[in-house]
Structure formats: structure tokens, C-alpha cells
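Below is one structure, written out as C-alpha cells, with a few remarks after it.
2 protein chains.
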Amino acid sequence: MKRLKERIVKDGKVIGTEILKVDNFLNHQVDVPFIDEIGKAFYELFKDAGVTRILTIEASGIPVAFAAARFFGVPMVYAKKFPNAVKDESAEHLYQSEVYSFTKQASYNIRVTKEYIRPGDKILIIDDFLANGKAAAGLADIVHQAGAEVAGIGIVIEKGFQNGRQTVETLGYRIESLAIVDSMGENGIVFRE
Amino acid sequence: MKRLKERIVKDGKVIGTEILKVDNFLNHQVDVPFIDEIGKAFYELFKDAGVTRILTIEASGIPVAFAAARFFGVPMVYAKKFPNAVKDESAEHLYQSEVYSFTKQASYNIRVTKEYIRPGDKILIIDDFLANGKAAAGLADIVHQAGAEVAGIGIVIEKGFQNGRQTVETLGYRIESLAIVDSMGENGIVFRE
Numbered sequence: 000m001k002r003l004k005e006r007i008v009k010d011g012k013v014i015g016t017e018i019l020k021v022d023n024f025l026n027h028q029v030d031v032p033f034i035d036e037i038g039k040a041f042y043e044l045f046k047d048a049g050v051t052r053i054l055t056i057e058a059s060g061i062p063v064a065f066a067a068a069r070f071f072g073v074p075m076v077y078a079k080k081f082p083n084a085v086k087d088e089s090a091e092h093l094y095q096s097e098v099y100s101f102t103k104q105a106s107y108n109i110r111v112t113k114e115y116i117r118p119g120d121k122i123l124i125i126d127d128f129l130a131n132g133k134a135a136a137g138l139a140d141i142v143h144q145a146g147a148e149v150a151g152i153g154i155v156i157e158k159g160f161q162n163g164r165q166t167v168e169t170l171g172y173r174i175e176s177l178a179i180v181d182s183m184g185e186n187g188i189v190f191r192e
Numbered sequence: 000m001k002r003l004k005e006r007i008v009k010d011g012k013v014i015g016t017e018i019l020k021v022d023n024f025l026n027h028q029v030d031v032p033f034i035d036e037i038g039k040a041f042y043e044l045f046k047d048a049g050v051t052r053i054l055t056i057e058a059s060g061i062p063v064a065f066a067a068a069r070f071f072g073v074p075m076v077y078a079k080k081f082p083n084a085v086k087d088e089s090a091e092h093l094y095q096s097e098v099y100s101f102t103k104q105a106s107y108n109i110r111v112t113k114e115y116i117r118p119g120d121k122i123l124i125i126d127d128f129l130a131n132g133k134a135a136a137g138l139a140d141i142v143h144q145a146g147a148e149v150a151g152i153g154i155v156i157e158k159g160f161q162n163g164r165q166t167v168e169t170l171g172y173r174i175e176s177l178a179i180v181d182s183m184g185e186n187g188i189v190f191r192e
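Residue numbers (numbering that gives the first Met the number 0), protein chains in the order written: chain A, 0 to 192; chain B, 0 to 192.
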């Protein structure tokens, strides 16, 4: 998505070689018309995938998933995140999965109430960033627990220098990223063609 | 908002006399066209208030604030929440405020990067629930730190049996709630007229 790459170059802040902050339009301040364009781009990519529901994870995935859901005409669900990795074993009304965060060097627990993903659902997973793919894989795990199907994974910005794509493709999912960053640093941001 | 009250009666789950869960359209699964109606209702209430930016708090305020921001044609900003109440004193780029949660009987810290609220901004604060008003007051505190003005506070569901309205009105803010619940329990949900 050309406009996204231009926006990342204009407004993204690169810290070192691994951190890209896009706080002024995507995940702190939110540029609503631009996020709507991103939502529409996901619709164009996945409109033939039979999507019945969109699943993301709080908090930064919510605006993009909300915008996309409008174009698909389906509900959006956001998984809730709990800092303690331990599953709540007494919570029979929840699907839960453990996600390892390389950034924080610790695991967290994600949860979705069972009634919001149904057997037969075709779920489009959407997130703002893909790095190591652990969050996307955790969401896909929840979809499978529900007896539903992953229609695809839509990512706004993929860190192409990390192994997230390999992780989710090995699991057999179609992944589409609107911008793939191959490297960052003093020489600027290099996107994959 | 009549349609909201009807939806709360239809889909809300009352637990005891104080907890109302609206997980199936507002804060876990999100009914996008309905949230857009809510966003439009806030626009109708505050369209003459000169709003330049909308401020909410992660995660459950985001869909409503996003929907409202589209109608106002302004950016949306969400404050980030940190479970540790201690301020990061080294973080000169942040506005921070402490919020006490009665539910959790503990304080947390909310943060907004300084460049996303500017002196002269007229900020509409939006949140999904109002209970004791501490979150809204914390957001208003951040607006004042920034030298900006609170244009108003828009709430989807107010727990009228708690003192949130008094808290924010004492601080001098205009508050508008789309539904005010005066009591809940075995006899159902009673709304304020």
C-alpha cells in the first residue's frame, strides 16, 4: 500500500534497527480517515475469503479491525490480554492461549469469550504489527479451539527482518501485509517491493 | 438514546446490582454499525463545542471514540494504561495521571505523549462507562496539563447509582451520557428518563 509506505517514511520514528514507532497515526493518535483506507485495503485483499468475523487483540489492533469490519459488514472481536501467562483453568466460558513476547521476554495470556467465535466462522485475524508472529499464532490457536477457520491474517506493518511470516505460513495461513519493512536504521527504512 | 437502552435490555448481562456486561456489542465483540450510531449521537450532542481532538483510554473506549472521531473529522487519541500507579518521572515526553479503580481497589497510571494534545486543543473525552468518574477525571487532568480545554465528556453508559457525574460536574465539565442506569437487579434495569 503505497500511501502507507509514504506515511511510515514521513511520520514513523525509527529507534535503533528494530523499533518503528507510528504513534501519530496508528497506535496512540489515530488518523481515522487513513485507518479507514487501511480497513478498505484489507477488504480488497480478503473480500472473497468468506469472512464472517474479524478478530484482533487489544489495544492497538482495535482501530484497524474496526475499520475493516465496516467494509466486510461483519462484527469485530478483540481478544483481551492478561499480563500473567497462567491460564484461568476455572474459566470454562473462555478460549485462552499463551503468547510469548520477545520485546518483554515474557508470556502473556489472551482470552476470548466462547460465544464470540462459533464453529463454522471464517475469521480474519488483523493486527497492527507482525514481528515474530506469536500474537497472530495465539489468535489462530483460539480460532481453532472454537472449531472455526482462519480465513487469513492481515497485518498493517510487517517487520520482514523477523520470522513472523515464516511462523504463520508454516501453520498454513495466508498472510497479507500492507507494508513490509526489510530493514531500518541510519540509512532510513527499506521496504520490500 | 432509545436504541441503546433497548440494546442494553436485550443484550446486557446484569451480575448482582453493580455489574453490567455489554460484551456482545460494545466491549469485547463490537457491533460496528451500532457503534457508528453511537459515534453519531456524540457528534449531535457536541457538534457546536469546537472539538479539535477526541481522547479516550485503552482498550474499551477505542471503538466508540474512533466512530465519533469520524463524524467530527478530528483525530482520536487513546491514553495508555499502566498497571503500576507509579509515574515514570524520567519520561518528560509524557503527560501522566493516576486513576483509582474501585473495581480493582488499586490505582493505575495513564499516559499520553505530549505532542498529541496541544495547548489550545478542545478535547472531547469519550468512554464506554462512567462509574466513579476517576478515569474521566484522570483524562481531564491530562488535558489541563497540556494547556488544552475539556470540551465535554461523552459516556455511553453511566451508572447513575455511583457518583461519577457528581465528580466530573464538580470539576466543572459538561457531561452527556447516552444511557443512565439508575438501578439494576432482579427486577431488571431501570433507566433515568
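We treat Cβ as the ideally placed atom computed from N, Cα and C, and that holds for glycine. For clarity, every value in this text was computed on a predicted model and none was experimentally measured.
Residue closest to A/Y77, alpha-carbon to alpha-carbon, out of B/K79, B/V85, B/A58: B/A58
How would you write the range of the alpha helix (DSSP H) that A/T166 sits in, first residue to last? 163-169
Would B/I122 be called buried (16 or more neighbouring beta carbons within 10 Å of its own) or exposed? buried
What are the residues that DSSP puts in a beta bridge with B/F128? B/I156
Please classify B/V76: does DSSP put it in a helix, a strand, or coil? strand
Considering only the alpha carbon of each residue, which of A/F71, A/I109, A/E185, A/I179 lies closest to A/D87? A/I109
Taking A/A135 and A/G163 to be in contact with their CB atoms under 8 angstroms, please state how far apart those CB atoms are, rounded to whole angstroms. 7 angstroms
When DSSP labels each residue in this structure, what does A/Y42 get in the three-state scheme? helix
B/E97 - containing beta strand (DSSP E), residue span: 93-100
Assess, as a yes-or-no matter, whether the stretch 64-78 of chain B is touched by the stretch 29-49 of chain A under the definition of 3 or more beta carbon pairs within less than 8 angstroms. yes
Considering only C-alpha positions, which residue in the set B/M183, B/V8, B/G119, B/G137 is nearest to B/V50? B/G119
As a quick exercise: from B/L25, B/K9, B/E192, pick the residue whose alpha carbon is nearest that of B/F128. B/L25
To the nearest angstrom, how far is it from the Cα of A/Q95 to the Cα of B/G184? 30 angstroms
Cβ of A/G56 within 8 angstroms of Cβ of A/D126? For the sequence presented, residue 56 of chain A should be read as Ile rather than Gly. Yes, they are a contact pair.
Could you tell me the alpha carbon to alpha carbon distance between B/F240 and B/P82, rounded to whole angstroms? Residue 240 of chain B lies beyond the stretch modelled for chain B, which goes from 0 to 192, so this question has no answer here.
Nearest to B/E114 (by Cα), restricted to the options B/P74, B/S106, B/S89, B/G153: B/P74
Within the 8 angstroms Cβ cut-off, does B/R69 reach chain A? yes
Nearest candidate by alpha-carbon position, reference A/L177, set A/N23, A/K20, A/D10, A/I37: A/I37
Label A/I18 either buried or exposed according to how many other C-beta atoms from any shown protein chain fall within 10 Å of its C-beta, with 16 as the threshold for buried. exposed
Counted within 10 angstroms of its Cβ, other Cβ atoms place B/I53 as buried (16 or more) or exposed: buried
Which of helix, strand or coil DSSP assigns to A/A150: strand
Going by Cα to Cα distance, which pick from A/G153, A/L138, A/G187 is closest to A/G146? A/L138
Taking just the CA atoms, how far does B/I124 sit from B/V63? 11 angstroms
Which chain B residues sit within Cβ distance under 8 angstroms of A/Y77? H27, V29, A58
Label B/A130 either buried or exposed according to how many other C-beta atoms from any shown protein chain fall within 10 Å of its C-beta, with 16 as the threshold for buried. buried
Counting only C-beta atoms, is B/T112 closer than 8 angstroms to chain A at any point? yes
State yes or no: is the beta carbon of A/P118 nearer than 8 angstroms to at least one beta carbon in chain B? no
Chain-ordered neighbours of A/D22 on chain B, where CB pairs are closer than 7 angstroms: T112
Identify each residue in the stretch 155-168 of chain A for which the Cβ-Cβ distance to at least one residue of chain B is less than 8 angstroms, and report them in chain order. none
To the nearest whole angstrom, what separates the beta carbons of A/I156 and A/V21, a pair I think is in contact under 8 angstroms? 7 angstroms
Which stretch, first to last residue, makes up the beta strand (DSSP E) that contains B/K12? 12-14
Taking B/Y115 as the query, report the chain A residues whose CB atoms sit under 9 angstroms from its CB, ordered along the chain. D22, N23, H27, Q28
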